[in-house]
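So the protein lines, in turn, are chains Z and A.
So the mapping is simple: my numbering equals the position in the first sequence, first residue as 1, plus 1434.
One point on numbering: in my numbering, the residue at position 141 of the second sequence is 132, and numbering is uninterrupted.
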Amino acid sequence: MKVTKYVITSSESDILPSDIAMKIYGSKYDVSVKETCFGVMVNGEEEVVNALVKDIRALDPAGIFIKDRGFPPGDPRRCRGHRGGGARPGFYMIESESKMLPMISRALASSGEVFPIPEKKKKPLLPSRLEEIVKEGLS
Amino acid sequence: MSKVIVYPPTSMILSDLVERMGHKALVVPERVRELVTANDVQSPPLNVTPEEPKKGLRYAAVDVPSGVRGRMALIGPLIEEAEAAIIVEDPGWLTGCAGCSRTNELVRLLIRTKGIPVLDLSYPTDDAQAKLFVHKIKAFLGGLK
């Protein structure tokens, strides 16, 4: 069965989408690839794509992320070239999560000790402060 | 290797971390792929037939909006298959398949009532939180068979 996967790079990674695309062009794998602003889309037989993304991840294990995609690249049902422009719905999720990728990459790369973060507890409102708010509101 | 459902079910970060740790992430794009790349497209363009909302009836009543039942037709079977779950608190910007608040409530409820191990997290906002986020996921997935 043919599958499509996104290979997404963290904005702090030294690897560019074009580097990944060039690596795939020069590889032995029989897949189709489409370069995007945030990474590449790879389409091909499941075993081939899985082996390929494993190789690509090795370029920067902490900075390259893999995601499944339902539609093949350039599918007229999703491709904006056929729909009159606008990003596809899934792009917004990728865009939002991409902003966190540098943090996640640094966390994956670090092997240091993890200290628990104390939870901030909300203090109850003091009656005196409540009285002040009521007076301010009524004056 | 365990089958781990992630919430949001379209999350790149969560599905990637699960796959990195050697488990199988249960995500919506797989279900979408089965529909849209099937050899016999019975209901173009997306191959969503009247059967999909009927599948959703297993999880939500008939008077529930069809959008919820349609989404549950995709996500419901994933919940049934799941052996563990990672739930990240609603970040406020879920879109597409994960963009329906009522479906999201139902998904979280069904996961919690299934009785599988569940890890609750929220998205990190700084490096310390990100470290803890990754550490908790690693520890949780490491504890699964």
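The beta carbon of each residue, even a glycine, is placed where N, CA and C say it ideally should be.
Note that the coordinates shown come from a computational prediction; the quantities given were computed from them, not determined experimentally.
N- and C-terminal bounds of the beta strand (DSSP E) containing residue i
i          : result
Lys1555(Z) : Counting along the chain, Lys1555(Z) falls outside any beta strand (DSSP E), and DSSP gives it neither H nor E.
Val1476(Z) : Gly1473 to Glu1479
Glu1469(Z) : Ser1466 to Glu1469
Arg1503(Z) : Ile1498 to Arg1503
Ile1449(Z) : Per DSSP, Ile1449(Z) belongs to no beta strand (DSSP E) and is neither H nor E.
Leu135(A)  : Counting along the chain, Leu135(A) falls outside any beta strand (DSSP E), and DSSP gives it neither H nor E.
Beta-carbon proximity check, residue i vs residue j, cutoff 7 Å
i          : j          : result
Ile102(A)  : Ile70(A)   : yes
Pro24(A)   : Gly1504(Z) : A small fix is needed here, since residue 24(A) is Arg in this sequence, not Pro. Their beta carbons are under 7 Å apart, which means Arg24(A) touches Gly1504(Z) by this criterion.
Ala51(A)   : Arg62(A)   : no
Val(-3)(A) : Ala75(A)   : no
Tyr1440(Z) : Thr86(A)   : no
Ile1490(Z) : Ile1454(Z) : yes
Straight-line Cα distance separating residue j from residue i
i          : j          : result
Asp1502(Z) : Leu135(A)  : 23 Å
Pro1523(Z) : Leu5(A)    : 19 Å
Ser34(A)   : Ser1447(Z) : 42 Å
Pro36(A)   : Gln120(A)  : 42 Å
Thr94(A)   : Asp54(A)   : 14 Å
Leu8(A)    : Ile1538(Z) : 10 Å
Gly1473(Z) : Ala1492(Z) : 15 Å
Ile77(A)   : Pro(-1)(A) : 9 Å
Thr1(A)    : Ser1452(Z) : 25 Å
Val1487(Z) : Lys1556(Z) : 45 Å
Asp1494(Z) : Tyr114(A)  : 23 Å
Element boundaries [alpha helix (DSSP H), containing residue i]
i          : result
Leu1493(Z) : Segment: none, Leu1493(Z) is in no alpha helix (DSSP H) and carries neither H nor E.
Thr94(A)   : Ser92 to Lys105
Integer Cβ distance of residue i from residue j, believed to fall under 8 Å
i          : j          : result
Leu1535(Z) : Phe1499(Z) : 6 Å
Gly83(A)   : Ala64(A)   : That belief does not hold up - the Cβ atoms of Gly83(A) and Ala64(A) are roughly 25 Å apart, past 8 Å.
Pro132(A)  : Met(-8)(A) : Note on identity: in this sequence residue 132(A) is Leu, with Pro being the wrong assignment. So it is not a contact: roughly 10 Å between Cβ atoms.
Residues within the stretch 1517 to 1542 of chain Z neighbouring chain C, beta-carbon criterion of under 7 Å: In the structure shown, chain C does not exist; the protein chains are Z and A.
Every unbroken alpha helix (DSSP H) inside the stretch 24 to 87 of chain A [4 residues or more]: 42 to 47 and 57 to 72
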